[in-house]
Structure formats: C-alpha cells, structure tokens
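Worksheet for the structure shown next.
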Amino acid sequence: MSSSPSRRVRRLGATLAAVAVTALALTACAGSSSPSSSGGSGDASADYGDISVQYSWIKNEEFAGEYYAYEEGYYTDAGFGTVTGIAGPDTGVAKLLSGTVQVALTDAASVGAAVAEQDAPLKIIATTFQKNPFTILSLKDGGNIATPDDLKGKKIGVQDSNASVFAALLNANGIDASEVTIVPVDFDPTPLINGEVDGFMAYLTNEAITVEMEGYETTNLAYAENGLPYVAESFAVTDQYLAENKDLLKAFLTAEIKGWTKTFTESIDDTVALVTTYYNESAAAGDLTFGDLDPDKTAAGIEAQAKLISTEETEENGLFTISDDLKTQTLASLKASGWELEADDLFDTTIIDEIYAENPDLKKYLP
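Every position in the sequence shown, counted from 1, becomes a number in the working numbering once 8 is added.
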C-alpha cells in the first residue's frame with residue numbers, strides 16, 4: 009500500500025539535558041536539509057524535496073493522519089518527494105538540534121525542558137493533541153492511584169525515556185522524589201498486572217486501554233487533569249529551519265491537516281486497516297513493536313485520541329491550532345515543573361494561523 013517512493017514516507021529522555029548540550033553545538037551546521045522555500049501551501053509547482061519526521065512513538069494509531077497523508081497523496085500534492093516518518097519512541101529533541109530530522113512530533117515538556125535548561129533554539133508550531141495523554145495507570149484492586157497524594161509510598165514503573173515527564177508530575181504536585189519508589193520498566197504493562205509495581209507510566213490512548221481490555225478494572229491519574237495540561241504530539245522545529253523554510257512548513261502542515269481530517273471522515277474499520285498496514289511494515293523493518301495489533305484495541309485507541317485532538321477550540325479554529333488559553337495552560341504546567349518560559353520562547357503559531365486565514369475551508373474536519 010505504501011511502497012510507492014513518492015508516497016512513502018511518546019517521550020522525554022532522562023538524559024535530555026546532557027544530550028541537548030551536545031546537540032546544541034551542532035545546531036550551527038545543521039542548516040536546512042531541504043530546498044529553499046518557494047511557492048506557498050498548495051502550490052503544485054513547488055518542489056520541497058525530501059524531509060524526515062521523527063515520530064514520538066511506534067507506528068500505531070497515533071499517526072493515522074500521517075498514514076492518510078501518504079495514501080491520499082497529500083504530501084506529494086504539496087510538493088514533497090519523500091516524507092520519511094521515523095518510528096520512535098523518541099522525543100526528537102536531540103535529532104532536531106543535530107539536523108538529523110527536520111520536524112519532530114513531540115510534547116511541550118520535552119521541548120520546554122530543552123529551551124529552559126539549555127536555551128535550545130526550538131519552537132512548537134502546531135499540535136495534534138490539545139491535551140497530553142500521559143497517565144499513571146493503576147489497578148483498582150491494587151495501587152488504585154486516583155490522586156497525586158496516592159503516589160506517595162508507592163512503587164511506580166517509569167520508562168527511562170519518560171523519567172523527566174514523571175519528575176514534572178511530581179514537581180507540579182509538590183511531591184518529593186524520595187516519597188515514591190521509581191522502578192525502571194519498558195512499555196509492556198505486565199509488571200503492573202503482576203503486582204511488581206503499584207502504578208505504571210502510560211498513555212490513556214494505549215497501555216491504559218490494553219490493560220482494561222484484558223479484563224482489569226483500572227484507575228487513571230491523568231497528567232492533564234493533575235497539574236500538567238500541556239500540549240502533546242506537537243510539531244517542533246528549530247528556529248533556523250523555521251526561518252528558512254516557512255513555505256515548506258506551511259505546505260507540510262496543510263498536508264497533515266488533510267490527512268488528519270480523513271481520520272474523522274473515514275470509517276474506523278478503514279483506519280484500523282490502514283494503521284495495521286503501516287505497523288506491519290514498521291515491524292518488518294525491524295522497528296520496535298509489541299506483537300500483532302489487536303483491531304479492537306486499535307479502534308479504541310483511535311476513538312480515545314480523537315477526544316484529545318478534537319475540542320471546542322479546534323472545532324472553531326481548526327486542527328493543530330494552539331489558542332492563547334492553551335498556551336497559558338501549557339506554560340503554567342511547565343512553570344509548576346520548574347521550567348519558566350514566555351509564550352514566544354516556546355511557541356510560534358504564525359504558520360498554522362496563516363494556513364487557516366488563507367484556507368478557512370480547512371477548518372471543517374468533522375463530517
């Protein structure tokens with residue numbers, strides 16, 4: 009399905025600060041790895057060449073909109089040769105700074121930490137999720153962690169790449185790290201089911217569904233509802249790339265909007281089938297996967313993430329937009345975690361705003 013060359017195309021590392029320092033030294037030579045901007049979004053004569061996009065997670069339903077952009081030819085129509093989606097997990101921060109990728113799908117905590125701690129020249133230009141999907145998952149007849157205070161004295165399974173995000177949750181709720189026991193885990197929630205940990209760092213759209221579908225009653229301590237309502241699955245680029253490639257990024261985001269609109273207008277079954285194809289291709293390429301996809305679980309994930317993507321604000325303003333209120337909430341979340349930034353330090357939404365000003369018909373994504 010995606011073999012034609014013209015259509016080929018979650019999570020903060022504990023060592024982010026050290027990596028960012030090294031990567032910053034490479035920023036000056038990163039430059040622009042794509043042709044210079046020419047033409048606007050939707051300009052059929054534009055030739056933007058090839059770009060690479062770092063995904064935050066494995067190639068599952070989190071990137072359904074990207075798969076539709078490939079299959080429907082939206083990237084090709086926008087003027088791109090090959091848009092290479094690179095499977096995670098990876099925050100993309102270090103790769104952006106080194107010039108290895110041009111765009112990363114990441115989260116505000118990952119980018120905010122790099123900007124605040126290392127003065128990293130990065131900007132979030134749009135966001136897929138209006139709310140981040142991070143949660144501390146627990147079993148009702150186990151840890152039953154329903155409030156931040158319930159974390160105290162508990163063993164919490166945290167992946168290495170999520171260590172800083174978990175630390176942000178503790179900081180935002182005034183909990184000292186010494187009050188919890190962090191147990192290193194991978195992304196398989198088996199340690200939670202087996203009782204090896206009381207809580208497990210998870211996604212509401214992924215592991216939380218997996219455990220529930222295995223018949224366990226669960227409790228979720230959602231980050232977005234407990235001090236950290238920041239944006240996630242956000243499009244981030246370097247300041248230099250943004251300055252030199254505004255038309256390219258406008259064309260790219262326009263293709264992305266069209267792809268994600270398809271997720272709201274196509275049937276769940278069709279989207280599950282498409283996701284499965286890309287997941288299987290990724291598995292065949294040797295990327296991280298977790299066995300065969302469960303169609304029912306994938307469908308549940310698609311429905312769950314739709315609630316994080318589509319809000320009253322996106323219905324009014326369009327997909328990927330970041331309202332002033334959402335920027336304020338995100339910055340407040342980061343401040344509670346110890347990273348104090350101004351909106352202009354973290355966000356540049358001029359491109360997404362221009363897209364909708366020039367193409368107001370794109371705002372309608374719901375059937």
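Beta carbons: idealized from backbone N, C-alpha and C, even for Gly. Because the structure is a prediction, the values reported are computed rather than measured.
For residue i, which residues from the same chain have a beta carbon less than 6 Å from its beta carbon, with the 5 sequence-adjacent residues on both sides left out?
i: L257; result: I359
i: D98; result: Q62
i: G89; result: G57, D58
i: E311; result: none
i: A344; result: A180, G235
i: A124; result: W347, L349
i: K372; result: none
Starting from the C-beta of residue i, find all residues in its chain whose C-beta is less than 7 Å away, skip the five residues before and the five after it, and write them out in chain order.
i: S341; result: A180, G235, L236, P237, Y238
i: A351; result: K335, L339
i: Q167; result: R19, V193, D194, F195, M209
i: T279; result: A72, T271, I310
Express the C-alpha separation of residue j and residue i in angstroms, rounding to a whole number.
i: T227; j: K148; result: 6 Å
i: L374; j: A281; result: 21 Å
i: I363; j: L105; result: 26 Å
i: T84; j: F272; result: 21 Å
i: I330; j: A102; result: 24 Å
i: S64; j: G161; result: 30 Å
i: D277; j: D302; result: 12 Å
i: A116; j: N170; result: 13 Å
i: I144; j: A86; result: 40 Å
i: D255; j: E187; result: 49 Å
i: I201; j: A365; result: 49 Å
i: V173; j: S118; result: 8 Å
i: V219; j: D300; result: 16 Å
i: A77; j: T189; result: 43 Å
i: N367; j: G267; result: 15 Å
i: G100; j: E225; result: 34 Å
i: T319; j: Q337; result: 15 Å
i: V191; j: G165; result: 5 Å
i: A292; j: K163; result: 35 Å
i: E324; j: G309; result: 24 Å
i: L34; j: T246; result: With a pLDDT of 37 at L34, under the threshold of 50, the modelled position of this residue cannot be trusted, and the question is left open.
i: I183; j: S275; result: 44 Å
i: G93; j: Q110; result: 11 Å
i: K305; j: A154; result: 24 Å
i: L212; j: P199; result: 17 Å
i: A251; j: V91; result: 20 Å
i: A22; j: V205; result: The pLDDT assigned to A22 is 33, lower than 50, so where the model puts this residue is not dependable, and the model offers no usable value.
Per DSSP, which residues does residue i bridge with? Please list them.
i: L145; result: F208, N228
i: Q62; result: I94, A112
i: F328; result: Partner(s): none; F328 has no beta bridge.
i: T246; result: L130
i: G57; result: F88
i: E355; result: Before going further, note that residue 355 is Phe rather than Glu in the sequence given. Beta-bridge pairing links F355 to I132.
i: A240; result: F137
Less than 9 Å separating the beta-carbons of residue i and residue j?
i: G96; j: L354; result: no
i: T269; j: L316; result: no
i: Q313; j: P197; result: no
i: W347; j: G120; result: yes
i: K139; j: A216; result: no
i: K131; j: D333; result: no
i: E70; j: N214; result: yes
i: E241; j: L370; result: no
i: L159; j: G207; result: yes
i: L229; j: P156; result: yes
i: G73; j: E264; result: yes
i: S60; j: T108; result: yes
i: A259; j: A122; result: no
i: Y75; j: T285; result: yes
Enumerate in chain order the residues of its own chain whose CB-to-CB distance from residue i is below 8 Å, with the five nearest sequence positions on each side excluded.
i: I66; result: A95, G96, P97, Y287, S290, D295, L296, T297, F298
i: A185; result: A175, L178
i: Y261; result: Per the sequence shown, residue 261 should be read as Leu rather than Tyr. Hits under 8 Å: S49, I133, A134, F243, F328, I359, I360, I363.
i: E222; result: I201
i: N68; result: N214, V283, Y287, L301, T306, G309
Under a CB-based cut-off of 9 Å, is residue i close to chain B?
i: I276; result: Considering every chain present, this structure includes no chain B. It has just one protein chain.
Can residue i be considered in contact with the ligand SAM, in the sense that its beta carbon sits closer than 8 Å to one or more heavy atoms?
i: G93; result: In terms of ligand content, the structure shown is empty, and the ligand SAM therefore cannot be addressed.
Runs of alpha helix (DSSP H) lying entirely within the region 288 to 317, each at least 4 residues, in chain order | DSSP runs (the alpha helix (DSSP H)) wholly in the region 288 to 317: 303 to 317.
Alpha helix (DSSP H) runs wholly inside the region 131 to 201, at least 4 long, in chain order = Segments of the alpha helix (DSSP H) lying fully in the region 131 to 201: 171 to 180, 198 to 201.
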